[in-house]
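Going by UniProt numbering, the first residue of the sequence shown is number 1, and it counts up by one from there. Before any comments, here is the structure.
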Amino acid sequence: MGAVVIVLAVAYGAAVGAGLPRAAYRLSVEPGEPWRAHHPDGRPVAGWFGAAGEGGGSGRWPPAAVCAAVCGALAGAAGARPEAAVFVAVTPLVVLLGIVDLAVHRLPDVLTLPLAAATAALLGVAALLPRAAGSWRGALLGGAALGAAYLLLFLINPAGLGLGDVKLALPLGVALGWYGWGVWVAGAFLGLLYGALYGLGLLLTGRATRKTGFALGPFMAAGALTGVLLGGFGA
């Protein structure tokens, strides 16, 4: 049964991930600019799902491969429990946010806020099903706590992170809180640690200065993924 769940999760991740480049292309714009509706040559972009053809979402880590790998890992950790379906289902949105953040250092509200609502609602349904290994109350508290923590960091140092990071913390905190406060602390800490190590690496290699900004969202997501994997295997 576990192998079947993993195969299905990988197939889902690959299929949905293959359609993310077009959305990433359309959303990767500077704040205040409208979403892209046309190719550089003036042709209209048809819809939001599919291969972009403009370079959006392409590169060293294709979205299909990333989504497939993450979905497979989450399914392997959570097994045939209802929360596995929730984590796998929302993974493409998290990957899309990471692509956009890397491209333009922006986490659009059109993704972060629905992601927070969907994660909380779906885990609420999962909590009602047999074999659920987490707590919906803990998930809601985890989302509120991580959002509040990032809001405090933003108020202390607005140049260090943006409000998009605060909003992304809501769904990540919900996912981490599902498995308890130990997992929440681990995922929250690792997200900041991964980002700090990356920034330190940029400084040491001369590719950035102390004032150089970089996308924190992907590292927050990586920390949350690590925490959820630990929680899933330990449940």
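In this text, a Cβ means the ideal position worked out from N, Cα and C, and glycines have one as well.
Contact check for residue 170 against residue 195 fails: the beta carbons are separated by 8 Å or more.
Pairing residue 72 with residue 6 gives a Cβ-Cβ distance under 8 Å. The beta carbon of residue 201 lies closer than 7 Å to none in the same chain, with the five residues before and after it left out. By DSSP's assignment, residue 38 forms a beta bridge with 44. The residue from 89, 82, 91 and 101 with its alpha-carbon nearest to that of residue 129 is 82. DSSP places residue 106 outside both helix and strand once states are collapsed to three, so it counts as coil.
Looking at 11, 32, 199 and 227, the one whose alpha-carbon comes closest to that of residue 212 is 199. The three-state reading of DSSP puts residue 30 in coil, since its state is none of H, G, I, E or B.
Contact between residue 91 and residue 13 holds, with the beta-carbon distance rounding to 6 Å and staying under 8 Å. Cβ neighbours of residue 112 within its own chain (closer than 8 Å, five residues either side excluded): 97, 164, 167, 168, 170 and 171. Counting along the chain, residue 211 sits inside no alpha helix (DSSP H), nor does DSSP assign it H or E at all.
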